[in-house]
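To start, the structure itself, in structure tokens.
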Amino acid sequence: MRKSAVEALGTRAAILDRSVAIASMEGLEGLTIGRLATELSMSKSGVLGHFGSKQALQLAVLGRADEIFRAEVWEPARPAAPGLTRLRVLCEAWVSYLERQVFPGGCFFVAAAHEFDGRPGPVRDAVEARFDAWRERLAKEVRRAVDAGDLPAGTDPGRLVFELLGVAMALNHATQLHRDPHAATYARQAMKARLG
Numbered sequence: 007m008r009k010s011a012v013e014a015l016g017t018r019a020a021i022l023d024r025s026v027a028i029a030s031m032e033g034l035e036g037l038t039i040g041r042l043a044t045e046l047s048m049s050k051s052g053v054l055g056h057f058g059s060k061q062a063l064q065l066a067v068l069g070r071a072d073e074i075f076r077a078e079v080w081e082p083a084r085p086a087a088p089g090l091t092r093l094r095v096l097c098e099a100w101v102s103y104l105e106r107q108v109f110p111g112g113c114f115f116v117a118a119a120h121e122f123d124g125r126p127g128p129v130r131d132a133v134e135a136r137f138d139a140w141r142e143r144l145a146k147e148v149r150r151a152v153d154a155g156d157l158p159a160g161t162d163p164g165r166l167v168f169e170l171l172g173v174a175m176a177l178n179h180a181t182q183l184h185r186d187p188h189a190a191t192y193a194r195q196a197m198k199a200r201l202g
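Numbering of the sequence shown is given in the numbering used here, commencing with residue 7 and proceeding in unit increments.
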């Protein structure tokens with residue numbers, strides 16, 4: 007790869023990392039090309055040249071946030087035995103991700119969902135697709151746990167995933183809005199009780 011191409015990739019990565027941090031606190035609509043240019047000592051056209059439009063930047067930021075989430079939550083659980091064991095590891099990694107505030111504004115995707123859930127378009131669709139993929143990942147492990155007899159035969163994967171998402175969203179809310187020092191403990195207890 008030519009030096010200029012490597013430099014361009016490095017610049018794009020720097021723009022995305024700064025954008026993720028800003029959007030985590032101020033929302034995807036809070037991203038402005040001017041602000042990024044100022045903070046990164048670039049021209050506006052230099053920033054825009056890497057993405058083409060604000061919407062393309064927002065979609066790229068969602069992609070980068072997804073990479074971070076997967077590295078923090080999915081990758082630690084991937085080596086675990088499929089089913090209940092992996093589900094428990096996923097839930098612990100998920101709580102840890104929220105507890106450690108990997109994104110300064112809390113869960114990036116919860117914030118993006120609140121920002122875009124009633125606004126049709128490609129950004130909303132991308133947020134929904136990521137939630138759908140996460141829900142399906144969890145449901146797959148629930149089904150495996152049921153098939154292995156580790157969860158009761160009548161367990162509804164959709165309902166259990168709904169409940170786990172509710173706990174995680176409550177944890178995010180309690181941590182971000184109330185700075186509740188007990189929130190992560192409560193979340194762990196709730197998930198443990200639900201998973202048996």
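Where is the CB? At the ideal position from N, CA and C, for every residue including glycine. Predicted model only: the values in this text are computed from it and were never measured.
Using only the heavy atoms of the ligand FAD, determine whether one of them is closer than 7 Å to the beta carbon of residue i.
i      : result
Ala145 : Because no ligand of any kind appears in the structure shown, any question about the ligand FAD cannot be addressed here.
With a Cβ-Cβ cutoff of 8 Å, do residue i and residue j count as a contact?
i      : j      : result
Val53  : Ala66  : no
Val173 : Leu68  : no
Leu15  : Ile28  : no
Ile74  : Val108 : yes
Arg143 : Glu169 : no
Arg136 : Phe115 : yes
Asn178 : Gly112 : yes
Leu34  : Gln64  : yes
Ala19  : Leu46  : no
Tell me whether residue i is buried or exposed, calling it buried when 16 or more other Cβ atoms sit within 10 Å of its Cβ.
i      : result
Ala87  : exposed
Met197 : buried
Arg150 : buried
Ala117 : buried
Ala71  : buried
Ser51  : exposed
Glu147 : buried
Pro163 : buried
Smallest Cα separation from residue i: which of the options?
i      : options                         : result
Ile39  : His56, Ser30 and Met31          : His56
Val152 : Glu78, Leu166 and Ser47         : Leu166
Leu183 : Met31, Ala20 and Val26          : Met31
Gly202 : Arg18, Ser49, Gly89 and Val79   : Gly89
Ala145 : Ala20, Leu171 and Gln195        : Leu171
His120 : Met175, Trp140 and Ala180       : Met175
Trp140 : Arg41, Arg76 and Arg106         : Arg76
Gln195 : Val26, Asp138, Ala180 and Glu98 : Glu98
- Message: Any contact between the segment 150-159 and the segment 76-93? By contact I mean 3 or more CB pairs, one from each, below 8 Å.
- Response: yes
- With a cut-off of 8 Å, do at least 3 Cβ pairs link the segment 78-88 to the segment 49-66? no
- When the Cβ atoms of the segment 180-192 are set against those of the segment 98-106, are three or more pairs found closer than 8 Å? yes
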